[in-house]
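Taken in order, these protein sequences are the chains called H, Y and A. Going by this note's numbering, the first residue of the first sequence is number 1, and it counts up by one from there. Going by this note's numbering, the first residue of the second sequence is number 296, and it counts up by one from there. Going by this note's numbering, the first residue of the third sequence is number 436, and it counts up by one from there. Every residue gets a Cβ at the ideal spot worked out from N, C-alpha and C, and that includes glycine. Keep in mind that this is a model prediction, so the values were computed, not measured. What follows is one structure encoded as structure tokens, with my remarks underneath.
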Amino acid sequence: MKYSYFPGCTLHTQTKNFNDSIKSTSAILDIELEELKDWQCCGAVYPLTTDSAMGLVSPYRSLQKAHECGNNLVTVCSACYNVLKRTNLTVANDGEIRTKLSNYMDVDEYAGESKVLHLLEAMRENNGFGIIKEKTINPLKGLKVAPYYGCLLLRPSKELKFDDPENPTIFEEFIKSIGAVAVDFPNRIECCGAYVSITSQRKVKGASESILKSASNREADIIITSCPLCYHNLAKEQERLEKDDYTFKPIPILYFTQLLALALGLEVESCGFESNKIDARPILKSKGLIYRGDA
Amino acid sequence: MSVKFKPNIICFACNWCSYTGADMAGTSRMKYPATIKIIRVPCSGRVNPTFIMKAYQKGADGVLIAGCHPGDCHYNSGNYFAKRRFLLATRFMNYIGIDAKRLRMEWISAAEGVKFARVMAEFSETISELGPNWRAREEV
Amino acid sequence: MKKIGVFVCWCGLNISSTVDVGKASEELKNYPGVFYADDYKYLCSDPGQELIKKTIIDNKLEGIVVAACSPNMHESTFRAAAEAAGLNPYRVEITNIREQTSWVHSNKEDATIKAIQLIKATVEKVKKSEDLFPQQIPLTKKVLVIGGGISGMTVALEVAEAGYPVILVEKEPQIGGNMAKLSETFPTLDCASCILTPKTAEVGRHSNITLMTNSEVVESSGYFGNFTVKIKRKPTFVDWEKCIGCMLCQEKCPKKTNSDFEHGMGKRKAISVAFPQAIPYRPIINEKECIYFKTGKCKMCVKVCPVDCIEFEQLENIVEENIGAIVVASGYELLPKEKLSEYGQGKYADVIDGMQFERIASASGPTEGVIRRPSDGKIPQSIVFIQCAGSRDNQKDRPYCSKICCMYTAKHAMLYKHQVHDGTATVFYMDIRAGGKGYEEFVQRAIEDDHVLYLRGRVARVYEEDGKLVVLGVDTLSSEQVRIEADLVVLATAVIPSEKAKVLGQTLKVGTDAYGFFNEAHPKLRPVESMTKGVFLAGCAQAPRDIPETVSQATGAAAKVITMFSKNHLVSDPQVAKVNEKICVGCLQCEPICPYKAIEPETIEVRIGHTVEKRQVATINKGLCQGCGACSVACRSGAMNLSGFSNEQILEELKALCL
């Protein structure tokens, strides 16, 4: 299947390892991702203000371009996904805004015909989890993985229709397909603090701390996420906890595609573990899942 | 043109769902254009296609048939007959050259006052855009 | 030209504020055919009706138009007034200038023009009207009550006491419904079975009541006063006539299985009676669980039965009954916990719903009234009650209030506190809706005397940690997030209609709302009748409600049935189809279209000159015809017409509106 791919701002810079693992794994899974030419910011929080069409210009441009390429649009960051999918719905339902936007930008009118998919959804759509299971060479046996969904991926559920907002299962299916064990931890769908980290580190602290502790209470070996922002908040909080709370044992946080890359039998060096704040290699080594790679 | 064209629209509303839905729109004080005139029929299945054609001949600009939702017909199946006749009527309209947009069918339940008002406003708007029905009108 | 009178109603300011009623009546005076036109403040009032009567008599009017509110409101009022003045009521037509004119338009000029046009169209319709006369229809004085809960039993007893035969159909093997499962009842805390058992016993022995448990209504035909229903009697595998109710079979049966009656809280045998006070007190074999049905061996029950009444080869049979009226009292169920993913989606054994709590609190329940949690049988030290679990929640597509939960949660908390004095009971609520006699006092008693902690807020999540249930919620009054560890969580899950209500509705041709509750004919004035004549509603089948309200509505439905039966025959609506035999070609295209099978072929004799020829035409059974008019459209020759909404009337109306 061919899709247009919208990486989002951090994927080429801070979270290069995420981007690389997406590219390498999707190639194996026959998910062809064609990066959208000349893409820009998804629009971040601005499209959430419903009273102004201005905030929608940026996501509308990406959507319109993907449609011109004739593809559905795939993205990975939860925030980008949330913004793009909801904008897609808005322009599908609101002719006035649609006309306004296309007139302003002087492009052909786009009425939400293409779909916006999260990479996980794109996998689910084409029985990707079955294919992953088939292509897994290095099943991650015995690895306890805590799937962290966050909130932007699931809500507002009536618009996103990603999964059951209270009891999502898509990450669990994914974890099962790579041979690992999913850890059910209560805070897996709580908010990490998101953009509030810009204004109030204190608030993010509380939110992220409870997520990390809840995963650690359930003895997770690794936390996986799909969102650079969640990753950032959790990793930062973990750094602090490591210093302040000697009872807390840090857990490596990975992007789900990094684990996927490992399971699909790619070289450890190409999984990008070295760029993670907490190195996952020791724990993977102790479980006998990798033999090389420095800790 | 300074004076906005005010269309003349006939709505056949079934007594059990849509007519009551129109009453509901009234009791909830919804507003819709005064261009719509409702004819009460016992069931949308009572609407003879000749009534529709007669309406265009006599100068109506649009005709709307409103009946119960599928499965809710007070008489079990009247709305299904109505739907079939509606589809035939649109084909006939295309054949004789009346814009088929001038005929619309909607399922409106007795509880859907909001929907009734919305559909009336929408349809009135559509017909205003289409302009007066000159084509089918008999010379008076 | 007929002499027609036009009356325009002001409806106080309701009409007159947006429609210039004076102008309307003035303009109508000059309309062809109109002999008299006037406006009046309240036509539906007694003086208003007097005015109509007097005008009809004085002017010898041959038809009138009343421009007022919706015909659904006062058509019958004005028709009755006209009839009193000697005018055929079907010569009266209503123009709806309130709900469909004055209330929906704000521009007075436009509204007035529209009103005048509508009135003129109605005048045209009246010009083409005819005298119609109702027909007398025979009546079967026998009622079918569907559902044997408290509402169905109340209806059955009331009608039976009035001397009419009743058939009570219940899908379960015993009557009593949901009320039989309850522990105590609010606001008096008297035990449910103490007040219910006398009723079930009376239903069981009343000579006018035929009890058909373990049965379902599968088909219904006919019309009010003359229904024919087919009732499916499911096999019980026990000859109940022979059975003496010794229950030796239940005692000796080797197979234990989950009991539906206990809602997963208790077990029962594969051959058993649901509870000790069940009426009829006769056992039934659960086909899916019975060892004999699975393997062909066992037959323990056959061995122990002293009267030889086990019949493994029993089949279901269909009984046909002729009845005059139907009362639907199909009751309610609770929203399955599995729909509530935030509360564990049925994952945790100690998250239970209200009905399950009723069972463990019931003296005749599996724990004999000691409140023990299902997972390990421990007495919980802390219980959290969550109200509005699913109700008032758009996300769960149940935006309505389930009405009974506030009260039964208070009751549950009280029952618990009365047993475990040092335990803590916490209730999360959105609002406390305790409207009813003694209800608010009851809730206050729970809060003040029994020290139940009420927290105003919603619960975000329930999960298990270290063997305890953790309830994460918010207290909106202090704006604090709260985390409570609990041994047992009780969800006041939404009340939903019985699973088969929608199908039953289709069988009986009675409409249900989006959730499956039966629609009443009028939300305020006809709350116990359905839109289908002769079918009445009682209890939670119509909407969630508590016991006192259910009993009042059931009594109301019974009164309606008794009123209907108090006459010796019924009067039918004359606004039905009619055939013009002169032009009917007898093609019978109309026959398959009729949903009521009211059209039949008939051979008539026609005299042409000196010869008499036989010819086939269609005829209408006026008792069966409901007046939908579908046949009139299908008629090729235009012979089929509908009285009251004839082709000529609609066309004239149409022409007047198109001008």
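Straight through space, the alpha carbons of T536(A) and S776(A) are spaced by roughly 47 Å.
K549(A) places its beta carbon 8 Å or farther from that of L496(A).
It is roughly 16 Å from the alpha-carbon of P337(Y) to the alpha-carbon of S1007(A). Between the alpha carbons of I170(H) and H118(H) lies a distance of about 11 Å.
Between K944(A) and chain Y, the shortest Cβ-Cβ separation is below 8 Å. Counting every other CB atom within 10 Å of its CB across the protein chains shown gives A798(A) a total below 16, marking it as exposed. Going by C-alpha positions, I31(H) is about 18 Å away from H67(H). Look at the segment 136-164 of chain H: the residues with a C-beta under 9 Å from a C-beta of chain A are S157, K158 and D164. Counting C-beta pairs with one atom in each stretch, the segment 702-719 of chain A and the segment 600-612 of chain A have three or more that are closer than 8 Å, which means they touch. Short of 7 Å from the beta carbon of K560(A), and not among the five residues preceding or following it, lie these beta carbons of its own chain, in chain order: E528, Q1084, E1087 and E1088. The Cβ of S776(A) sits closer than 8 Å to at least one Cβ of chain H. By a beta-carbon distance limit of 8 Å, D785(A) contacts L923(A). Their separation comes to about 5 Å. Excluding its 5 nearest sequence neighbours in each direction, M415(Y) has C-beta neighbours in its own chain below 6 Å: Y327 and I331, listed in chain order.
Contact between the segment 572-586 of chain A and the segment 757-769 of chain A is present: 3 or more CB-CB pairs across the two stretches fall below 8 Å. Relative to the Cα of Y835(A), the nearest Cα in the group E751(A), F820(A), D885(A) and T928(A) belongs to T928(A). Taking F820(A) as reference, the option from E803(A), F792(A) and T802(A) with the minimal CA-CA separation is F792(A). Here M105(H) is exposed, its C-beta having fewer than 16 other C-beta atoms within 10 Å. Below the 7 Å Cβ cutoff, chain H contributes N167 as neighbours of Q780(A), in chain order. DSSP places I132(H) in the helix class (H, G or I) of the three-state scheme. Going by C-alpha positions, L260(H) is about 20 Å away from A215(H).
Secondary structure of R668(A) (DSSP, three-state): strand. Among the residues of chain A, those whose CB is under 7 Å from the CB of A317(Y) are E534 and Q535, following chain order. Not flagged as an interface residue toward chain Y: H1045(A), since no C-beta distance is shorter than 8 Å. Burial of H847(A) is indicated by the presence of at least 16 other C-beta atoms within 10 angstroms of its C-beta. Closer than 8 Å to the CB of P7(H) there is not a single CB belonging to chain A.
Among the CB atoms of chain A, none fall inside 8 Å of the CB of P228(H). At a C-beta separation below 8 Å, P506(A) has these neighbours in chain Y: R335. Against I305(Y), the close residues of chain A are L1089, L1092 and C1093, in the order they occur along the chain (beta-carbon pairs closer than 9 Å). Close CB contacts of I360(Y) within its chain, under the 7 Å cut and outside five residues either way in sequence, are with F307, S339, V342, A377, F381 and M400 (chain order). Between D566(A) and P1036(A), the alpha-carbon positions lie close to 26 Å from each other. Looking at the backbone, the Cα of I391(Y) and that of Q352(Y) are separated by about 12 Å. Here H698(A) has M790, Q791 and R794 as same chain residues with Cβ atoms under 6 Å from its own Cβ, once five neighbours each way along the sequence are excluded.
Residues of the same chain with a CB within less than 6 Å of the CB of S656(A), apart from the 5 flanking positions on each side, are T663 in chain order. When beta bridges are read from the DSSP output, S656(A) appears opposite T663(A). When DSSP states are grouped into helix, strand and coil, Q988(A) belongs to the helix group. Taking a contact to require three or more Cβ pairs closer than 8 Å, the segment 633-648 of chain A and the segment 685-698 of chain A do not qualify as touching.
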